[in-house]
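*Asks:*
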Amino acid sequence: MARHLTLAACQTGPIARSAGRREIVDRLVHLLEEAASQGASLAVFPELALTTFFPRWLIEDEAEIDGFYEDAFPNAATRPLTEAARKLRIGFALGYGEIAQGDGRRRRYNTMALVGDDGEVLGRYRKMHVPGSEEPEEGTTVHLERRYFEPGDLGFPVFDYRGTRVGLALCNDRRWPETYRMLMLGGAEVALIGYNTPLLLDEAPALAHLRMFHNHLPMQAGAYQNTLWVAGCAKAGLEEGQALIGGSCIVAPTGEIAAQAMSVGDEVVVHRADLDLIDTCRRVNFDFDRYRRPAAYRMISERAGPV
Ligand code: CDV
41 MARHLTLAAC QTGPIARSAG RREIVDRLVH LLEEAASQGA SLAVFPELAL
91 TTFFPRWLIE DEAEIDGFYE DAFPNAATRP LTEAARKLRI GFALGYGEIA
141 QGDGRRRRYN TMALVGDDGE VLGRYRKMHV PGSEEPEEGT TVHLERRYFE
191 PGDLGFPVFD YRGTRVGLAL CNDRRWPETY RMLMLGGAEV ALIGYNTPLL
241 LDEAPALAHL RMFHNHLPMQ AGAYQNTLWV AGCAKAGLEE GQALIGGSCI
291 VAPTGEIAAQ AMSVGDEVVV HRADLDLIDT CRRVNFDFDR YRRPAAYRMI
341 SERAGPV
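If you're matching positions, the sequence shown starts at 41 in the working numbering and goes up one per residue.
(1) Do V308 and L47 count as a contact pair if the criterion is CB distance below 8 Å?
(2) Can E279 and F93 be called in contact, C-beta distance under 8 Å?
(3) Is it true that the CB of A89 sits closer than 8 Å to the CB of L68?
(4) Contact defined as beta carbons within less than 8 Å: I believe A298 pairs with L45. What is the distance between those atoms, to the nearest angstrom?
(5) To which residues of the same chain is L128 closer than 6 Å at the C-beta, ignoring the five residues directly before and after it?
(6) Assign Y323 to one of three DSSP states: helix, strand, or coil.
(7) Comparing C-alpha positions only, which one of R96, A263 and Y235 sits nearest to A133?
(8) Beta-carbon separation of V84 and A261 under 8 Å?
(9) In terms of residues, what are the limits of the beta strand (DSSP E) holding E138?
(10) Quick check on DSSP: helix, strand or coil for H254?
(11) Can P10 be considered in contact with ligand 1, in the sense that its beta carbon sits closer than 7 Å to one or more heavy atoms?
(12) Sorted by chain position, which residues of the same chain lie with C-beta nearer than 8 Å to P194's C-beta, five sequence neighbours on each side aside?
(13) Alpha carbon to alpha carbon, what distance is there between R214 and M259?
(14) Count the other CB atoms, across all protein chains shown, that sit within 10 Å of the CB of H254; report buried if there are 16 or more and exposed otherwise.
(15) I need the boundaries of the beta strand (DSSP E) containing R67, first residue and last residue.
(16) Do R166 and ligand 1 come close, with the Cβ less than 7 Å from some heavy atom?
(17) Below 7 Å CB to CB, which residues in the same chain sit around R292 once its five sequence neighbours on both sides are set aside?
(18) Going by beta carbon distance, what residues of the same chain come within less than 6 Å of Q78, once the five residues before and after it are set aside?
(19) Which residue's Cα is closest to the Cα of P245: A125, Q51, E175 and T181?
(20) When you compare only the Cα positions, how much space is there between S173 and E87?
(21) Starting from the C-beta of G159, find all residues in its chain whose C-beta is less than 7 Å away, skip the five residues before and the five after it, and write them out in chain order.
(22) By alpha-carbon positions, which one of L82, R57, E63 and F328 ends up nearest to D200?
(23) DSSP on R343, reduced to helix/strand/coil?
(24) Quick one: residues in its chain with C-beta nearer than 8 Å to the C-beta of M252, no 5 flanking neighbours on either side, listed in chain order?
(25) Check each candidate in N266, A103 and G137 and name the one with the smallest Cα separation from P191.
(26) On a Cα-Cα basis, can you pick out the residue from I290, E185 and T237 that is closest to G277?
(27) Within the same chain, show all residues whose beta-carbon is closer than 6 Å to that of N212, passing over the 5 residues directly before and after it, in chain order.
(28) Does the beta-carbon distance from Y220 to P95 come in below 8 Å?
(29) Can you say whether N150 is buried or exposed, counting buried as having 16 or more other CB atoms within 10 angstroms of its CB?
(30) With distance defined between alpha-carbon atoms, name the residue in L162, A274 and G144 nearest to Q300.
(31) Could you check the C-alpha separation between G305 and T52 for me, to the nearest Å?
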């Protein structure tokens, strides 16, 4: 029998620094309802979907910083989302700032949770490639993710969602080929990715016209070279004076963009993903068992020295 999974990217427009969780969660629930009404059974929200993109500021007040994180998910403020998932029978992936305990101390991660259509958390992913710096650096756009988040310590886990293998990634991760390859080697058929990407970077004005190309290029290449469906979801628009790109999209294992956002506001992008296309694409070009040569790659990289 043919296998399909209808995917939705629930793009949001800007989220103000002053916006409270209740207001934001209401907005996300509304997007989830819209996705479900269009027949979607799995949705992805942006990175840090519960707050504004606070790493654009140097904030020194620890209590204020903590206000951008969750110490549990779901909690009282976010439970309407997991309840909506259960009621609407739609799973979702959601990015948020996480405070966790690890090795006897408090840690902060840029995290994405995957929630099943019963409203239960299936698992978590913590952003592996954390960009930016710890302190503002002259000549560059302030992007202090390395101040606010430790690199992820969970690898690239893959979860079962209604019989489909689903992996997660966040923003800068999408630019790295390792992300998709690790997910694919872990058995993923679908990768859900949330992002916040500034349109302009002070350090690279000459690349400004390529921002959307460099958004889609790695997701399309990652999907194609690893025979995955990829759903990428932006927080977009003019947020606290900083323009964030949109371009949320659903990419097929052929590398084609199957559906794409038209706005930089709240918008739901839906596509009925044919999961059998994964096998077709694997047979045509990427029959890993038959043609891939991991032992040879290891030998070559050992000869090349430490990587
Ligand atoms: N949130 C991100 O990871 N943003 C990066 C920025 C630093 C460019 C990105 O790769 O989109």
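In this text, a Cβ means the ideal position worked out from N, Cα and C, and glycines have one as well.
*Replies:* Let's see:
(1) Position 7 of the sequence shown, counted from the start, is the residue given in the question as residue 47. Position 268 of the sequence shown, counted from the start, is the residue given in the question as residue 308. Not in contact: L47 and V308 (Cβ atoms no closer than 8 Å).
(2) Sequence index remark: in the sequence shown, residue 279 carries index 239 (1-based). Sequence index remark: in the sequence shown, residue 93 carries index 53 (1-based). Yes, the Cβ-Cβ distance between E279 and F93 is below 8 Å.
(3) Here residue 68 is taken as the residue at index 28 of the sequence shown, counted from 1. Here residue 89 is taken as the residue at index 49 of the sequence shown, counted from 1. Yes, the Cβ-Cβ distance between L68 and A89 is below 8 Å.
(4) Residue mapping note: residue 298 aligns to position 258 of the sequence shown, counting from 1. Residue mapping note: residue 45 aligns to position 5 of the sequence shown, counting from 1. About 12 Å separates the two Cβ atoms, so there is no contact after all.
(5) Residue mapping note: residue 128 aligns to position 88 of the sequence shown, counting from 1. A76.
(6) Within the sequence shown, residue 323 is the residue found at index 283, counting from 1. The question names Tyr, but residue 323 is Arg in the sequence shown. Secondary structure of R323 (DSSP, three-state): helix.
(7) For this step, residue 133 is matched to residue 93 along the sequence shown. For the residues R96, A263 and Y235, the minimum Cα distance to A133 belongs to Y235.
(8) Position 44 of the sequence shown, counted from the start, is the residue given in the question as residue 84. Position 221 of the sequence shown, counted from the start, is the residue given in the question as residue 261. For V84 and A261, no; Cβs fall outside 8 Å.
(9) Position 98 of the sequence shown holds residue 138. Taken as a continuous stretch (DSSP letters only), the beta strand (DSSP E) holding E138 covers G131 to G142.
(10) Numbered from its first residue, the sequence shown carries residue 254 at position 214. Three-state DSSP puts H254 in a helix.
(11) Outside the modelled stretch of the chain, which goes from 41 to 347, sits residue 10, for which no answer is possible.
(12) Counting from one through the sequence shown, the residue named residue 194 turns up at place 154. Looking at the sequence itself, residue 194 is Leu, so the reference to Pro does not match. Around L194: R164, Y165 and R166.
(13) As a position in the sequence shown, residue 259 is number 219, starting the count at 1. As a position in the sequence shown, residue 214 is number 174, starting the count at 1. Using only the alpha carbons, I get a separation of about 6 Å.
(14) As a first step, residue 254 must be located in the sequence shown, where it is residue number 214. Under this definition H254 is an exposed residue.
(15) On the sequence shown, residue 67 is found 27 positions in, with the first residue counted as 1. For R67, no beta strand (DSSP E) run applies; the uninterrupted alpha helix (DSSP H) run containing it begins and ends at R61 to S77, by DSSP.
(16) Residue mapping note: residue 166 aligns to position 126 of the sequence shown, counting from 1. Result no, Cβ not under 7 Å from ligand 1.
(17) Here residue 292 is taken as the residue at index 252 of the sequence shown, counted from 1. Note that residue 292 corresponds to Ala in the displayed sequence, not to Arg. So the qualifying residues of the chain are A263, W269, A298 and L317.
(18) Locating residue 78 in the sequence shown gives position 38, where the first residue counts as 1. Same-chain partners within the cutoff: V310.
(19) As a position in the sequence shown, residue 245 is number 205, starting the count at 1. It is T181 whose Cα lies nearest to the Cα of P245.
(20) Start at 1 with the first residue of the sequence shown, and residue 173 comes out as number 133. Start at 1 with the first residue of the sequence shown, and residue 87 comes out as number 47. In a straight line, the C-alpha of S173 is about 18 Å away from that of E87.
(21) Working through the sequence shown from its first residue, we reach residue 159 at position 119. The residues are T122, E123, A125 and R126.
(22) By one-based count along the sequence shown, residue 200 stands at place 160. Closest by alpha carbon: L82.
(23) Locating residue 343 in the sequence shown gives position 303, where the first residue counts as 1. Residue state, collapsed to three classes: helix.
(24) As a first step, residue 252 must be located in the sequence shown, where it is residue number 212. Counting only Cβ-Cβ distances below 8 Å, and skipping sequence neighbours, we find I285 and G287.
(25) Along the sequence shown, read from residue 1 onward, the residue named residue 191 stands at position 151. Of the candidates N266, A103 and G137, the one whose C-alpha sits nearest the C-alpha of P191 is G137.
(26) What you label residue 277 is simply residue 237 of the sequence shown in a count that begins at 1. The shortest Cα separation from G277 among I290, E185 and T237 belongs to T237.
(27) In the sequence shown, counting from the first residue as 1, residue 212 sits at position 172. Here the set comprises H169 and P171.
(28) By 1-based counting over the sequence shown, the position of residue 220 is 180. By 1-based counting over the sequence shown, the position of residue 95 is 55. No, Cβ-Cβ distance for Y220 and P95 is not below 8 Å.
(29) If you number the sequence shown from 1, residue 150 lands on position 110. Buried, since its Cβ has 16 or more Cβ neighbours within 10 Å.
(30) For this step, residue 300 is matched to residue 260 along the sequence shown. Answer by Cα proximity: A274.
(31) Position 265 of the sequence shown, counted from the start, is the residue given in the question as residue 305. Position 12 of the sequence shown, counted from the start, is the residue given in the question as residue 52. The alpha-carbon atoms of G305 and T52 are separated by roughly 6 Å.
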